[in-house]
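Asks: Mind looking over this structure? Questions follow.
Residue numbers (this note's numbering): 21 to 372.
This is the structure:
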């Protein structure tokens with residue numbers, strides 16, 4: 021089996037590639053920064069968002085294409101048939117954020133926000149949850165059945181540790197530099213489902229090359245749900261042991277959080293919902309009961325991260341706003357560029 025992975029360098033993709041190689045599958049991964057080949061694995065250097073590059077890669081016939089790329093709906097509409105033509109199985113990564121609110125565990129047939137929301141301002145956007153649902157529709161309404169739709173939910177790894185709507189760069193970086201973590205009081209008491217990237221990858225692998233997965237939709241999540249307040253308490257315990265003191269916390273309500281956090285609709289139409297999943301469908305292919313307990317997995321990943329401290333880019337404008345709210349300061353020597361220093365200073369000193 022020959023598998024092409026588009027954009028497979030994240031929490032799920034890297035694990036999936038490793039699993040496929042270990043099972044003897046020939047794998048190619050598109051990458052903007054890497055190239056080279058070793059045995060049954062190769063990087064194809066180029067940007068998979070570029071139509072010319074993508075068409076050159078798709079001249080070859082692939083048994084499976086696994087697509088981790090994020091598209092606007094218009095861009096996906098232009099390339100969906102090209103992707104379906106190039107493979108026996110096209111695996112499209114959607115998201116469990118497509119689902120609306122539900123008082124019972126979500127199944128793959130649960131109503132989606134696109135179909136049930138009455139928020140016209142929201143529906144007028146191509147926000148992530150809506151874009152994914154619209155792109156699902158393009159596959160479902162096509163005359164093809166050689167697709168499989170995956171809806172993962174919040175996926176964590178040694179390099180990705182979320183707290184509600186916050187990435188580690190938004191909360192963990194602050195705590196390690198002695199500054200206050202700002203979190204949502206409302207979201208703190210919501211239940212959520214977090215799944216280790218390797219477990220999601222195992223679920224994906226179980227569907228590849230499987231004719232019973234064609235024309236089907238699957239969410240792949242942990243069977244366990246947890247409260248964000250318990251995740252936060254565990255993070256604080258680990259950090260207290262690491263730092264020698266307990267990090268400071270400031271709680272705001274969700275409306276206040278939206279004043280400085282860019283993910284308004286993510287907060288309103290996802291993180292403010294209790295998220296639990298019914299895994300009966302994917303359990304026909306893999307037993308999600310064997311997935312890592314999220315509290316154990318998160319603790320392990322946080323401890324591993326603290327040994328390497330590999331942060332991505334920090335949003336210094338937002339850091340300035342948060343320092344303003346907490347009456348704290350970031351040393352300008354900590355901020356890498358003059359442009360970022362100016363963004364920070366303006367945000368830090370603006371009247372709130």
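Yeah, the Cβ is synthetic: ideal placement off N, Cα and C, and Gly gets one too.
Out of curiosity, what's the CA-to-CA distance linking residue 338 and residue 185?
Replies: For the purposes of this step, residue 338 is taken as the residue at position 318 of the chain shown. For the purposes of this step, residue 185 is taken as the residue at position 165 of the chain shown. Rounded to whole angstroms, residue 338 to residue 185 spans 14 Å at the Cα level.
Asks: In angstroms, rounded to a whole number, what distance separates the CA positions of residue 352 and residue 333?
Replies: For the purposes of this step, residue 352 is identified with residue 332 of the chain shown, where counting begins at 1. For the purposes of this step, residue 333 is identified with residue 313 of the chain shown, where counting begins at 1. Taking the straight line joining both Cα atoms gives about 16 Å.
Asks: Report the start-end ranges of each beta strand (DSSP E) in the stretch 219-298 that is 3 residues or longer and not cut off at the edges.
Replies: Entirely contained in the stretch 219-298, the beta strand (DSSP E) runs reaching 3 residues are, in chain order, 236-240, 269-272.
Asks: With residue 148 as the anchor, note down where its alpha helix (DSSP H) starts and where it stops.
Replies: One-based indexing of the chain shown puts residue 148 at position 128. First-last of the alpha helix (DSSP H) with residue 148: 148-160.
Asks: Within 8 Å, do at least three Cβ pairs link the stretch 280-290 to the stretch 147-161?
Replies: Output reads yes: the stretch 280-290 touches the stretch 147-161.
Asks: How many whole angstroms separate the CB atoms of residue 48 and residue 62, which I take to be in contact at a CB cut-off of 8 Å?
Replies: Within the chain shown, the letter at position 28 stands for residue 48. Within the chain shown, the letter at position 42 stands for residue 62. Between residue 62 and residue 48 the Cβ distance is about 5 Å, and since that is below 8 Å, they are a contact.
Asks: One question on the structure: do residue 271 and residue 325 come within less than 8 Å of each other, judged by their Cβ atoms?
Replies: One-based indexing of the chain shown puts residue 271 at position 251. One-based indexing of the chain shown puts residue 325 at position 305. For residue 271 and residue 325, no; Cβs fall outside 8 Å.
Asks: On a Cα-Cα basis, can you pick out the residue from 227, 236, 366 that is closest to residue 165?
Replies: As a working note, residue 165 is residue 145 in the chain shown. Residue 165 has its Cα closest to that of 236, out of 227, 236, 366.
Asks: From this set, 239, 312, 322, which residue's C-alpha is nearest residue 304's C-alpha?
Replies: Taking the first residue of the chain shown as 1, we reach residue 304 at position 284. Of the listed residues, the one whose Cα sits closest to residue 304 is 239.
Asks: When you compare the stretch 105-118 with the stretch 168-185, are there three or more beta-carbon pairs, one atom per stretch, that lie closer than 8 Å?
Replies: Yes, they touch.
Asks: What's the gap between the Cα of residue 190 and the Cα of residue 163?
Replies: Here residue 190 refers to the residue found at position 170 when the chain shown is read from its first residue. Here residue 163 refers to the residue found at position 143 when the chain shown is read from its first residue. Going from the Cα of residue 190 to the Cα of residue 163 covers about 43 Å.
Asks: Quick check on residue 138: buried or exposed, where buried means 16 or more other Cβ atoms within 10 Å of its Cβ?
Replies: Position 118 of the chain shown holds residue 138. With fewer than 16 Cβ atoms within 10 Å of its Cβ, residue 138 is classed as exposed.
Asks: What span of residues does the alpha helix (DSSP H) with residue 189 cover, start to end?
Replies: Here the question's residue 189 lines up with position 169 in the chain shown. Where residue 189 is concerned, the enclosing alpha helix (DSSP H) stretches over 188-196.
Asks: Counting only the same chain and skipping the five closest in sequence on each side, list residues whose C-beta sits under 7 Å from that of residue 132.
Replies: Taking the first residue of the chain shown as 1, we reach residue 132 at position 112. Around residue 132: 118, 119, 120, 153.
Asks: Tell me the residue span of the alpha helix (DSSP H) that contains residue 102.
Replies: To locate residue 102, count along the chain shown from 1; it is residue 82. Start and end: 93-105.
Asks: Excluding sequence positions up to five away, which residues of its chain have a Cβ less than 8 Å from the Cβ of residue 75?
Replies: As a first step, residue 75 must be located in the chain shown, where it is residue number 55. Contacts found: 102.
Asks: In whole angstroms, what separates the C-alpha of residue 256 from that of residue 220?
Replies: Here residue 256 corresponds to residue number 236 of the chain shown, with the count starting at 1. Here residue 220 corresponds to residue number 200 of the chain shown, with the count starting at 1. Between residue 256 and residue 220, the C-alpha separation is close to 26 Å.
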